[in-house]
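Here the protein sequences come in this chain order: L and H.
By this note's numbering, the letter at position 174 of the first sequence is numbered 302, and the numbering carries on one by one without gaps.
By this note's numbering, the letter at position 223 of the second sequence is numbered 661, and the numbering carries on one by one without gaps.
Here the structure is laid out as structure tokens; the discussion comes afterwards.
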Amino acid sequence: MLELRRLSKGYGEVQALDDCSFRVERGRMLGFLGPNGAGKTTAMRSVFNLVRLDSGSVSWRGRPVGQEERVRFGYMPEQRGLYPKMKIGRQLAYLGRIHGMTNVEATAAAERWLEELGLSDRIKDPLEKLSHGNQQRVQLAAALIHDPELLVLDEPFSGLDPFGVETMADILRARAAAGAAVMFSSHQLDMVEDLCQDVAIINHGRVVMGGEVRQLKMDSPYWVIEVEMRAADRDRMSRLDAVVSVEFDGYRHRIVVRKGGDLSDLVSRLDLGGDVRHFTFSAPSLSELFREAVTG
Amino acid sequence: MTSWQAIRLVMGREIRERSRSGAFIASVAITLLLVAAVLFLPLIFADDDVHYELGVVGEGNQAVIDSAVALANSPGRNVRTSIDVIPFSSRDAAERAADTEEVDGVLMDGREFVVRGAGGEAGGELESLLQRGARSVQIESLVASGAGQVVEILTSAPLDVRSLSGADTDENSERSIIAFGGLMLLYMAVLLYGSLILTGVTEEKTNRVVEVLLAAFQPWQLLAGKILGIGLLGLCQFVGTVVLAMVGIELTGVVDLPAFPVDSLLVLLLWFVLGYSLFAVMFGAAGALVSRAEDAQSVVAPISLVAVAGFFIAIQAVNNPTSTLSVVTTFIPPTAPFVVPVRFAFQAVPLWQMAVSVAIMVLTIVVMTRLAGRVYLGGLLRFGSKVGIREAFRTAEL
Numbered sequence: 129m130l131e132l133r134r135l136s137k138g139y140g141e142v143q144a145l146d147d148c149s150f151r152v153e154r155g156r157m158l159g160f161l162g163p164n165g166a167g168k169t170t171a172m173r174s175v176f177n178l179v180r181l182d183s184g185s186v187s188w189r190g191r192p193v194g195q196e197e198r199v200r201f202g203y204m205p206e207q208r209g210l211y212p213k214m215k216i217g218r219q220l221a222y223l224g225r226i227h228g229m230t231n232v233e234a235t236a237a238a239e240r241w242l243e244e245l246g247l248s249d250r251i252k253d254p255l256e257k258l259s260h261g262n263q264q265r266v267q268l269a270a271a272l273i274h275d276p277e278l279l280v281l282d283e284p285f286s287g288l289d290p291f292g293v294e295t296m297a298d299i300l301r302a303r304a305a306a307g308a309a310v311m312f313s314s315h316q317l318d319m320v321e322d323l324c325q326d327v328a329i330i331n332h333g334r335v336v337m338g339g340e341v342r343q344l345k346m347d348s349p350y351w352v353i354e355v356e357m358r359a360a361d362r363d364r365m366s367r368l369d370a371v372v373s374v375e376f377d378g379y380r381h382r383i384v385v386r387k388g389g390d391l392s393d394l395v396s397r398l399d400l401g402g403d404v405r406h407f408t409f410s411a412p413s414l415s416e417l418f419r420e421a422v423t424g
Numbered sequence: 439m440t441s442w443q444a445i446r447l448v449m450g451r452e453i454r455e456r457s458r459s460g461a462f463i464a465s466v467a468i469t470l471l472l473v474a475a476v477l478f479l480p481l482i483f484a485d486d487d488v489h490y491e492l493g494v495v496g497e498g499n500q501a502v503i504d505s506a507v508a509l510a511n512s513p514g515r516n517v518r519t520s521i522d523v524i525p526f527s528s529r530d531a532a533e534r535a536a537d538t539e540e541v542d543g544v545l546m547d548g549r550e551f552v553v554r555g556a557g558g559e560a561g562g563e564l565e566s567l568l569q570r571g572a573r574s575v576q577i578e579s580l581v582a583s584g585a586g587q588v589v590e591i592l593t594s595a596p597l598d599v600r601s602l603s604g605a606d607t608d609e610n611s612e613r614s615i616i617a618f619g620g621l622m623l624l625y626m627a628v629l630l631y632g633s634l635i636l637t638g639v640t641e642e643k644t645n646r647v648v649e650v651l652l653a654a655f656q657p658w659q660l661l662a663g664k665i666l667g668i669g670l671l672g673l674c675q676f677v678g679t680v681v682l683a684m685v686g687i688e689l690t691g692v693v694d695l696p697a698f699p700v701d702s703l704l705v706l707l708l709w710f711v712l713g714y715s716l717f718a719v720m721f722g723a724a725g726a727l728v729s730r731a732e733d734a735q736s737v738v739a740p741i742s743l744v745a746v747a748g749f750f751i752a753i754q755a756v757n758n759p760t761s762t763l764s765v766v767t768t769f770i771p772p773t774a775p776f777v778v779p780v781r782f783a784f785q786a787v788p789l790w791q792m793a794v795s796v797a798i799m800v801l802t803i804v805v806m807t808r809l810a811g812r813v814y815l816g817g818l819l820r821f822g823s824k825v826g827i828r829e830a831f832r833t834a835e836l
């Protein structure tokens, strides 16, 4: 388990991390969310000692993280970084070796990963000759080459096409299933909801919401009703006590209501006659939790 | 992983990738070509041996011709001059031969020289040759001494030259060749490999691979591996160039090499290592301060200036290896690598000065490595605009 405990880091006026704490469990995936500038990258870099913290500590399996531990971690920085002119096979093998693999192991692992990512025939090409998407794949392989116990990925899905997203998601799932702790930051909340068991939402350097996604949803003080129907008096509905908000996207009405509120007035105002095509009653989505946590 | 393993990995990558890169191979090729050019071009562009066909009529010609050839081939001239003598029985026949350019000219009775035209390279050269020959024959007859002595006098250096520094002057000029050549190589090598470090560090920061590397390595391991790797490559190229230059000098005889100057070479090598190390750590720290290659030039300007200053002070030391400036700069770390080998080549640096200078240098390198290492790490972790050196220093502890 990776534990970030009470991290603080200021850059002059800006407080990038302000008493930030959360954990990443082994065998699980954590989505690390927050608006731009919330401190996500700083927090991730602190795991690799790339940030000199003002206070706080990072520990892995109960012990402070040092070079010994970091060698068994995998890191994919936000700004992708590899040697553009180095051949990808040799480059991956090198990255394996700096993480403690022998030359033979690293070379074999590089070949295996390139095979898996469908880049076997490009093994002797320099990175810069590859397309953007393929470079991203190599970058992923670079983070995974040494079968890390902990994976920290900064925006791994940004810039990927749908196939790339799928490959990336499959690989991350497989790593978590194999027992690794996986954390990644993302702005694609639907994907995080899809992939991650846990989330940590950070704002102004502080974790404002965190824990198991399912639990967070259940703990939410709201329900969401989605109705697709011909007409409704939205103004009237939004004035009701139990109703938090009503939105209409041209097809569906999305009505957020307070848990435990009296819904009978609302129900009486819904025209649930013959042409209702959709009706759901559910916990809010991660997007709603996020918005709530960050703005509310 | 031990530190040494980490350093060796970084070093190995630098050597393997750089020695295969086109830029490096080109730089090796260009250096070797330059050395070859310096050594061989004088030979290629040297005049061919000069040969004249001279018609003669009458008596008293041979003495003039002999003197002329002897003067032309006086020691120290690269061009060999020879004159073929073609005797004619009559002046008319000889003049006809000159007119049809069968011969380059005709010497008559050791007194008159006949050529076809007034100008013409060959005629002019031959004329001045024979004039000198005739002059020496005239002087000889005036002093009525034995033949050949005047030629000897005219081609000798009658003044004995004595150098106050004790070395004889021939050796002095040979030493200045070693000093000057060594200085040039040292200066080029320090700046060339220093700038390789600079761009290498900046590149890693620019393409952010440094984040991945620093996640696994300590910053000082990364810097040390890089400096050692590029340094070893540089050393090989440096030694290779020096050896090629020596062999070339032996083969072509362009310059007279003093008995193989092992001591000078060893001192040159020692100061290459010291000078390179000092400049390498400074370049490494400078490279970490910028995120873009375009900004790199502005941060190295002060370092390059110091190297240039060292170079010019060393050039002054070639002429005056014991001046106050030369002595003082022997003890100043950034100038010492250039000045000391020059002074050593002239045997103008006492052993104690050398020892103190090396000690100061080593101490400075140790201190600079720690300071530069801190700036390096601090610089690497601040992306975006150029990082101030103080800011970088404050960002990190090593």
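The beta carbon of each residue, even a glycine, is placed where N, CA and C say it ideally should be.
Assumed close pair residue i, residue j - CB separation to whole angstroms, cut-off 8 Å
i             : j             : result
residue 494/H : residue 525/H : 5 Å
residue 241/L : residue 278/L : So it is not a contact: roughly 18 Å between Cβ atoms.
residue 455/H : residue 229/L : The Cβ separation is near 19 Å, so there is no contact.
residue 752/H : residue 741/H : The pair is not a contact, with the Cβ atoms about 17 Å apart (cut-off 8 Å).
residue 206/L : residue 326/L : At roughly 21 Å, the Cβ-Cβ gap does not stay under 8 Å, so residue 206/L and residue 326/L are not in contact.
residue 368/L : residue 344/L : Contact flag wrong, Cβ pair sits at about 26 Å.
Residue i versus residue j - alpha carbon distance
i             : j             : result
residue 378/L : residue 412/L : 20 Å
residue 668/H : residue 307/L : 41 Å
residue 783/H : residue 615/H : 9 Å
residue 575/H : residue 613/H : 40 Å
residue 309/L : residue 156/L : 6 Å
residue 399/L : residue 415/L : 28 Å
residue 290/L : residue 302/L : 18 Å
residue 819/H : residue 644/H : 11 Å
residue 349/L : residue 361/L : 24 Å
residue 175/L : residue 186/L : 6 Å
residue 543/H : residue 512/H : 23 Å
residue 764/H : residue 567/H : 47 Å
residue 603/H : residue 828/H : In this prediction, residue 603/H has a pLDDT of 48, which is less than 50 and means its spatial position is unreliable; what the coordinates show is noted afterwards. Taking the straight line from one Cα to the other gives about 48 Å.
residue 179/L : residue 777/H : 42 Å
residue 605/H : residue 534/H : Low local confidence applies: a pLDDT of 49 at residue 605/H is under 50, so the model's placement there is unreliable, with the coordinate-based value given in what follows. Their backbone Cα atoms lie some 58 Å apart in a straight line.
residue 864/H : residue 188/L : Residue 864/H is absent from the structure shown; chain H starts at 439 and stops at 836.
residue 418/H : residue 815/H : The shown model of chain H, from 439 to 836, leaves out residue 418/H, and the question about it has no answer.
As assigned by DSSP and simplified to three states, the class of residue i
i             : result
residue 536/H : helix
residue 829/H : helix
residue 400/H : The requested residue 400/H does not occur in the structure, where chain H is confined to residues 439 to 836.
residue 557/H : Unreliable positioning characterises residue 557/H in this predicted model, as indicated by a pLDDT of 47, which lies under 50. A coordinate reading is not provided.
residue 331/L : strand
residue 144/L : strand
residue 716/H : helix
residue 711/H : helix
residue 284/L : coil
residue 601/H : With a pLDDT of only 48 at residue 601/H, under the threshold of 50, the placement of this residue in the model should not be trusted; the figure read from the coordinates follows. Of the three classes helix, strand and coil, the one that applies to residue 601/H here is coil, per DSSP.
residue 291/L : helix
residue 767/H : helix
residue 222/L : helix
residue 626/H : helix
Environment of residue i [buried if 16+ CB atoms lie within 10 Å]
i             : result
residue 464/H : exposed
residue 811/H : buried
residue 642/H : buried
residue 790/H : exposed
residue 632/H : buried
Contact check, residue i vs residue j, beta carbons under 8 Å
i             : j             : result
residue 448/H : residue 664/H : yes
residue 451/H : residue 203/L : no
residue 142/L : residue 216/L : no
residue 421/L : residue 390/L : no
residue 324/L : residue 158/L : yes
residue 800/H : residue 714/H : no
residue 261/L : residue 220/L : no
residue 656/H : residue 195/L : yes
residue 338/L : residue 150/L : yes
residue 759/H : residue 624/H : no
residue 88/L  : residue 276/L : The question about residue 88/L has no answer here: the residues shown for chain L are numbered 129 through 424.
residue 392/L : residue 352/L : no
8 Å Cβ cutoff, residue i in contact with chain C
i             : result
residue 264/L : Absent here is chain C; the protein component of the structure consists of chains L and H.
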